[in-house]
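The numbers in this note's numbering rise by one with no breaks, and the one at position 285 of the sequence shown is 285. Idealized CB from N, CA, C, for every residue including glycine. What you are looking at is a predicted structure, and each value in this text was computed from that prediction instead of being measured.
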Amino acid sequence: MLRYLSAGESHGPELTIVVDGFPSNLPVSKEKIDEQLRRRQMGYGRGFRQQIETDTVEVTSGIRFGKTLGTPITMVVANRDFKNWTDRMAPFGEKPEDLKEIYRPRPGHADLAGAIKYDHEDIRNVLERASARNTATVVAAGALAKQLLEQFGILVTAHVVELCDVKAAQLPDSLEQLIAAADSSEVRCADSNASQRMIEKIDEAKANGDTVGGIFEVIVRGCPIGLGSYAMPDRKLDGRLAGALMSIQAIKGVEIGLGFEAARRMGSQVHDPILYDGQRYLRSSNGAGGLEGGVTNGQDVVVRVAMKPISTLYKPLPSVNMKTKEAELAAIERSDYCALPAASVVGENVVAWVIADALIEKLGGDSLEQMKDNWAQYQARVSRR
Ligand SMILES: Cc1cc2nc3c(=O)[nH]c(=O)nc-3n(C[C@H](O)[C@H](O)[C@H](O)COP(=O)(O)O)c2cc1C
Ligand SMILES: C=C(O[C@@H]1CC(C(=O)O)=C[C@@H](OP(=O)(O)O)[C@H]1O)C(=O)O
Numbered sequence: 001m002l003r004y005l006s007a008g009e010s011h012g013p014e015l016t017i018v019v020d021g022f023p024s025n026l027p028v029s030k031e032k033i034d035e036q037l038r039r040r041q042m043g044y045g046r047g048f049r050q051q052i053e054t055d056t057v058e059v060t061s062g063i064r065f066g067k068t069l070g071t072p073i074t075m076v077v078a079n080r081d082f083k084n085w086t087d088r089m090a091p092f093g094e095k096p097e098d099l100k101e102i103y104r105p106r107p108g109h110a111d112l113a114g115a116i117k118y119d120h121e122d123i124r125n126v127l128e129r130a131s132a133r134n135t136a137t138v139v140a141a142g143a144l145a146k147q148l149l150e151q152f153g154i155l156v157t158a159h160v161v162e163l164c165d166v167k168a169a170q171l172p173d174s175l176e177q178l179i180a181a182a183d184s185s186e187v188r189c190a191d192s193n194a195s196q197r198m199i200e201k202i203d204e205a206k207a208n209g210d211t212v213g214g215i216f217e218v219i220v221r222g223c224p225i226g227l228g229s230y231a232m233p234d235r236k237l238d239g240r241l242a243g244a245l246m247s248i249q250a251i252k253g254v255e256i257g258l259g260f261e262a263a264r265r266m267g268s269q270v271h272d273p274i275l276y277d278g279q280r281y282l283r284s285s286n287g288a289g290g291l292e293g294g295v296t297n298g299q300d301v302v303v304r305v306a307m308k309p310i311s312t313l314y315k316p317l318p319s320v321n322m323k324t325k326e327a328e329l330a331a332i333e334r335s336d337y338c339a340l341p342a343a344s345v346v347g348e349n350v351v352a353w354v355i356a357d358a359l360i361e362k363l364g365g366d367s368l369e370q371m372k373d374n375w376a377q378y379q380a381r382v383s384r385r
């Protein structure tokens, strides 16, 4: 079982994650973790913070000479911005007299509910942890999961398919081309025409003091048949994927395969016919998005994820000053205008995490070698069915 605990405030000294459950002897590269952190920081529409940060990971436990030990792995990502916040984010000492506290909650953020729930006067005490800054450590964990999946030929990728009302229309047929096109787009969209219009849409939002969201798609190629289970609700892989993706800040919808569209069609136009080519089972379509009964069926796992527009508006919405109860405009915090490309990288890594967890569950074993033995045995068994 893979699990993690993470901690850290957005403008505190650092973010920490402790990850448990990886097998021993997995080759792990710091460069590959840093590469995912770099991808998460990119994308058109981000605010000034990304110019301050250059995220890299420091590993302080669980890895020796580039291989996992099978023990908890601790990873730290420093907040470079902390040097500008030392007095305002100090763990101990007196509150500065000139501290500007935040009393006007932003609609859409955790501000109002968080301040009431935790009895905070200063909404900064809420937003520091509600902030998506901590997705940096989630991505670091996902980057480890990706390196495990690589050992079994499983690839996870993501690309933006819609941004506000702009839709990608012309997508390359091959996954390799899709990845290359998404990677070279500032909005991580593989349709270059749509990419340009998406950039214009972000500019339009920014000019109006507004924000935008959109939809990204995550594709997993190379999953064996049989990850997840129909046996109990909490073992269903579709539920586990949806839960993990919905836990990312600003994610408001997840659909698998045809998703909501399946509800509008006849069954004959939704389900994927089963064929046999003399050696293995094939499907002539993939409306199920690679999951039936909460179990992978050997097709690509395809998940689409909806992100709402960023909550902080430079032209703020009505709010209430929680100290005076007077009607006032919401507070403005330095902010992104669109973080959809970044969210797609977070989503990709979160999906890698869930799939790696299911693979570890399926194969068992304390070391990578044992996992590989079990994989070979399982593949042989599958090929006899
Ligand atoms: C990568 C990423 C960056 C984000 N950047 C901002 C931001 O700059 N300003 C903001 O108000 N919200 C931002 N958000 C969204 C908020 O963190 C999120 O809306 C808030 O925590 C409330 O959670 P909820 O939207 O899931 O309900 C970002 C989300 C992600 C995934
Ligand atoms: C710091 C990151 O995202 C932050 C997420 C975020 C929010 O409210 O979620 C608000 C902004 O924080 P700040 O006010 O420090 O600029 C974003 O920059 C990051 O992704 O690394």
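Check, Outcome
"Rounded Cβ spacing between G287 and D272 (contact assumed at less than 8 Å)", "6 Å"
"Segment contact, 8 Å Cβ cut-off, at least three pairs: the segment 225-240 with the segment 292-300", "yes"
"Alpha-carbon to alpha-carbon, R49 and M89", "16 Å"
"Outcome for F260 when other beta-carbon atoms lying within 10 angstroms are tallied against a minimum of 16", "exposed"
"Test item: CB-CB of V301 and V220 under 9 Å", "yes"
"CA-to-CA distance, N193 to K167, given in whole angstroms", "10 Å"
"N-terminal and C-terminal residue of the beta strand (DSSP E) that I116 is part of", "Here I116 belongs to no beta strand (DSSP E); instead the alpha helix (DSSP H) covers 111-117."
"Cross-strand partners of M403 (DSSP beta bridge)", "Beyond the ends of the chain as shown, which are 1 and 385, falls residue 403; an answer cannot be given."
"For I219, the residue or residues it bridges with in DSSP", "T157, V302"
"Inter-stretch contact at 8 Å, needing at least 3 Cβ pairs: the segment 245-262 / the segment 300-318", "yes"
"E101 versus G12 - alpha carbon distance", "16 Å"
"G209: CB within 8 Å of a non-hydrogen atom of ligand 1", "no"
"Burial state of N349 (16 or more Cβ within 10 Å)", "buried"
"Proximity to V218 [Cα-Cα], best of L69, R384, L245, G364", "L245"
"Distance CB(G47)-CB(R334) smaller than 9 Å", "yes"
"9 Å Cβ cutoff, I116 in contact with chain D", "Any reference to chain D falls outside this structure, which holds one protein chain only."
"G153: CB within 8 Å of a non-hydrogen atom of ligand 1", "no"
"Selected residue, minimal CA-CA separation from I52, among M75, R38, V160", "R38"
"Contacting residues, own chain, Cβ-Cβ under 7 Å from I199 (five flanking each side not counted)", "Y44, E186, V187"
"Cα-Cα separation, P316 to L329", "6 Å"
"Pairwise C-alpha distance: N374 and G364", "8 Å"
"Residue interval of the beta strand (DSSP E) (run including L275)", "274-276"
"H109 beta carbon near ligand 4 (any heavy atom closer than 8 Å)", "Ligand 4 is absent from the structure shown, which contains only ligand 1 and ligand 2."
"Presumed contact (8 Å Cβ cut-off) between M42 and E361, rounded CB distance", "Incorrect: roughly 32 Å between the Cβ atoms, too far for contact."
"Local conformation of V76 per DSSP, three classes", "strand"
"Stretch-stretch touch, CB-based, cutoff 8 Å, three pairs: the segment 14-25 with the segment 65-74", "yes"
"Through-space distance from T135 to A7, alpha-carbon basis", "11 Å"
"Any non-hydrogen atom of ligand 2 closer than 8 Å to H11 Cβ", "yes"
"Beta-carbon proximity of S311 to T211, cut-off 9 Å", "yes"
"Cβ pair F152, L359 closer than 9 Å", "yes"
"DSSP beta-bridge partners of R124", "DSSP output for R124 lists no bridge partner at all."
"9 Å Cβ cutoff met for D111 and A331", "yes"
"Cβ separation of A356 and A145, assumed to be a contact under 8 Å, to the nearest whole Å", "4 Å"
"Near ligand 1: G47 beta-carbon under 8 Å from a heavy atom", "yes"
"Between the CA atoms of R3 and V354 - distance to the nearest angstrom", "10 Å"
"Limits of the alpha helix (DSSP H) - the one that D183 falls within", "175-183"
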